[in-house]
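The block underneath contains the structure these notes are about, expressed in structure tokens.
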Amino acid sequence: MSAVTGRYSDQDVEHYDRPRRRTRPRTKERPTYDDAEDGVVVTVDRGRFTLLVDDRTVLAMKARPLGRKGVVVGDRVRVVGDTSGADGALARIVEVVERSTTLRRTADDDDPVERVIVANADQLVVVTALADPEPQPRLIDRALVAAYDAGMQPLLCLTKSDLADPETLLTTYRSLGVPWVITRKGGDLTELRERLRGRTSVLLGSSGVGKSTLVNALIPDAGRDVGVVNAVTGRGRHTSTSAYLLEIPELDAWIVDTPGIRSFGLAHVQPERLIEAFPDLDEMTEDCPRGCTHGDDEPECGLDEAVRKGEADPVRVESFRRLLAARSEPAY
Numbered sequence: 058m059s060a061v062t063g064r065y066s067d068q069d070v071e072h073y074d075r076p077r078r079r080t081r082p083r084t085k086e087r088p089t090y091d092d093a094e095d096g097v098v099v100t101v102d103r104g105r106f107t108l109l110v111d112d113r114t115v116l117a118m119k120a121r122p123l124g125r126k127g128v129v130v131g132d133r134v135r136v137v138g139d140t141s142g143a144d145g146a147l148a149r150i151v152e153v154v155e156r157s158t159t160l161r162r163t164a165d166d167d168d169p170v171e172r173v174i175v176a177n178a179d180q181l182v183v184v185t186a187l188a189d190p191e192p193q194p195r196l197i198d199r200a201l202v203a204a205y206d207a208g209m210q211p212l213l214c215l216t217k218s219d220l221a222d223p224e225t226l227l228t229t230y231r232s233l234g235v236p237w238v239i240t241r242k243g244g245d246l247t248e249l250r251e252r253l254r255g256r257t258s259v260l261l262g263s264s265g266v267g268k269s270t271l272v273n274a275l276i277p278d279a280g281r282d283v284g285v286v287n288a289v290t291g292r293g294r295h296t297s298t299s300a301y302l303l304e305i306p307e308l309d310a311w312i313v314d315t316p317g318i319r320s321f322g323l324a325h326v327q328p329e330r331l332i333e334a335f336p337d338l339d340e341m342t343e344d345c346p347r348g349c350t351h352g353d354d355e356p357e358c359g360l361d362e363a364v365r366k367g368e369a370d371p372v373r374v375e376s377f378r379r380l381l382a383a384r385s386e387p388a389y
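Residue 58 is where the sequence shown starts when you use this note's numbering, and the numbers rise one by one after that.
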């Protein structure tokens with residue numbers, strides 16, 4: 058066998074090796090952003106974030122190192138760059154502060170992807186009209202489940218009380234201990250204002266129930282669009298297209314106006330998280346078999362035993378189980 062000659066010898070391995078990339082070595086050093094300013098996200102629109110930094114309204118984008126980390130309304134963030142708020146100025150969000158609460162939902166109950174609605178709110182105001190459009194108890198139930206799962210205090214706000222008697226709906230929720238306020242167009246909002254005082258509250262409900270009307274009454278210069286209910290379908294028209302955080306200075310409060318919803322997926326909620334929101338019932342489930350969901354079809358649930366012994370209010374247990382069942386029932 059003849060020897061390999063020329064430049065293609067058995068020693069010229071470099072001619073066969075894949076060319077090496079000419080890149081700079083990566084460094085473990087990362088910016089500290091000591092000069093970053095604190096801000097809060099007011100609204101989000103197509104990848105741009107409107108922030109409140111001190112008393113300035115600042116437009117910002119998300120810095121690349123944050124990757125796919127979501128930034129939502131209510132997030133407390135750290136920003137660098139041009140935070141003057143001048144026309145054309147653009148800052149960068151470089152850090153998202155750890156959230157105290159996270160209100161989530163899924164598109165439906167089979168969707169594994171969670172969608173964060175609002176961060177750092179402590180109260181969920183479930184707004185429902187008593188008529189025009191008709192109340193949707195299943196949607197209310199699902200919103201309450203989401204509030205309990207997020208560790209938020211729920212508040213039921215019944216609007217348009219001049220059109221229907223609120224007692225019909227209140228009998229369904231009184232046993233759960235959910236606080237409520239009753240309003241009508243042009244009516245006194247003193248009780249609602251006191252419920253909002255010192256809190257960050259999210260207004261959640263179907264289109265047409267009066268969320269934006271309430272916002273405009275609470276904050277006269279808010280200028281939120283108000284829609285009407287379709288006479289044929291009985292549904293409201295979407296007027297708010299994105300969540301928006303607004304301040305009520307005289308109440309030391311913030312409210313988030315959200316777009317109207319027609320469904321509320323709860324794929325992310327686990328039964329054990331829901332029972333924890335009812336401490337009096339939770340302590341009665343200590344002897345439940347492992348994996349017990351505490352539903353009415355569980356053969357050895359401690360709640361049934363507590364009802365038999367007279368230690369639990371059967372109406373309250375039934376109401377809790379209705380919320381539990383709302384996780385698997387359609388919200389339409």
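We treat Cβ as the ideally placed atom computed from N, Cα and C, and that holds for glycine.
Distance between residue j and residue i (C-alpha atoms, nearest Å)
i                 : j              : result
aspartate 329     : threonine 350  : The identity of residue 329 in the sequence shown is glutamate, whereas the question assumes aspartate. Going from the Cα of glutamate 329 to the Cα of threonine 350 covers about 7 angstroms.
leucine 220       : proline 316    : 24 angstroms
glutamate 362     : glycine 352    : 13 angstroms
alanine 324       : glycine 127    : 19 angstroms
phenylalanine 321 : valine 151     : 31 angstroms
valine 97         : leucine 109    : 5 angstroms
arginine 256      : threonine 100  : 18 angstroms
proline 277       : leucine 260    : 17 angstroms
aspartate 95      : threonine 140  : 10 angstroms
valine 326        : aspartate 144  : 43 angstroms
arginine 156      : asparagine 177 : 6 angstroms
leucine 271       : arginine 347   : 45 angstroms
glycine 208       : threonine 158  : 7 angstroms
proline 371       : alanine 117    : 52 angstroms
aspartate 314     : glycine 244    : 20 angstroms
arginine 161      : valine 175     : 8 angstroms
alanine 369       : aspartate 222  : 30 angstroms
arginine 195      : threonine 229  : 11 angstroms
leucine 381       : alanine 146    : 48 angstroms
tyrosine 301      : glycine 131    : 9 angstroms
glutamate 224     : glutamate 251  : 22 angstroms
alanine 120       : valine 129     : 14 angstroms
proline 122       : alanine 188    : 49 angstroms
leucine 303       : valine 173     : 18 angstroms
isoleucine 305    : threonine 163  : 30 angstroms
glutamate 307     : glycine 367    : 47 angstroms
valine 364        : aspartate 337  : 12 angstroms
For residue j and residue i, believed in contact at Cβ under 8 angstroms, the rounded distance
i             : j              : result
alanine 93    : valine 137     : 5 angstroms
leucine 253   : isoleucine 312 : 7 angstroms
glutamine 193 : serine 258     : With 8 angstroms as the limit, glutamine 193 and serine 258 do not qualify as a contact, their Cβ atoms being about 20 angstroms apart.
arginine 135  : tyrosine 90    : 6 angstroms
Residues near residue i in its chain [Cβ-Cβ closer than 6 angstroms; skip 5 each side]
i              : result
valine 289     : Note that valine 289 has pLDDT 34, beneath the 50 cutoff, so the model's placement of it is unreliable and the number below is only indicative. Excluding residues within five positions, none has a Cβ falling inside 6 angstroms.
tryptophan 237 : Leu213
arginine 133   : Val97, Val154
arginine 379   : none
aspartate 344  : Gly359
arginine 373   : Ser232
proline 211    : Leu181, Leu201, Ala204, Val235
glutamate 355  : Cys349
Among the options, nearest to residue i - alpha-carbon criterion
i                 : options                        : result
leucine 275       : Thr158, Arg125, Thr240         : Thr240
glutamate 357     : Met341, Pro306, Thr185         : Met341
lysine 242        : Cys345, Ala186, Ala146         : Ala186
arginine 149      : Thr159, Arg105, Ala176         : Arg105
phenylalanine 335 : Ser376, Leu308, Lys366, Gly367 : Ser376
Same chain, Cβ closer than 8 angstroms to residue i, neighbours up to 5 away in sequence not counted
i             : result
aspartate 339 : Ile332, Glu333
glycine 267   : Val184, Ala186, Thr216, Lys217, Thr240, Lys242
aspartate 111 : Glu94
proline 88    : Val151
threonine 247 : none
alanine 310   : Leu253, Arg254, Gly255, Arg256, Thr257, Ser258, Glu304
Close Cβ partners of residue i (< 7 angstroms) along its chain, the five nearest in sequence each way excluded
i             : result
threonine 114 : Thr107, Gly142
leucine 249   : Cys214, Val238, Thr240
leucine 227   : Trp237
arginine 199  : Phe321, Leu323, Ala383, Ala388
serine 299    : Thr100, Val101, Asp102, Pro316
glycine 124   : none
Residue-chain proximity (residue i, chain D), Cβ-Cβ < 8 angstroms
i             : result
glutamate 340 : Going by chain labels, chain D is absent from the structure shown, which holds only one protein chain.
Checklist entry - Where in the region 247-272 do unbroken runs of the alpha helix (DSSP H), each at least 4 residues long, occur, reported from the N-terminal end onward? => result For the region 247-272, whole alpha helix (DSSP H) runs of length 4 or above, ordered along the chain, are 247-253.
Next on the checklist: If we require 4 or more residues per run, which alpha helix (DSSP H) segments fall completely within the region 180-224?
Outcome noted: The alpha helix (DSSP H) runs lying completely inside the region 180-224 and spanning 4 residues or more are 194-207, given in chain order.
Next on the checklist: Quick check for students: name the residue ranges of the beta strand (DSSP E) that lie wholly in the region 295-340, counting only runs of 3 or more.
Outcome noted: Scanning the region 295-340 from its first residue to its last, the whole beta strand (DSSP E) runs of 3-plus residues come out as 301-305, 310-314.
Next on the checklist: For a minimum of 3 consecutive residues, which ranges assigned as the beta strand (DSSP E) are wholly contained in the region 88-143?
Outcome noted: Counting only runs of 3 or more, we get 94-102, 105-110, 113-119, 133-138.
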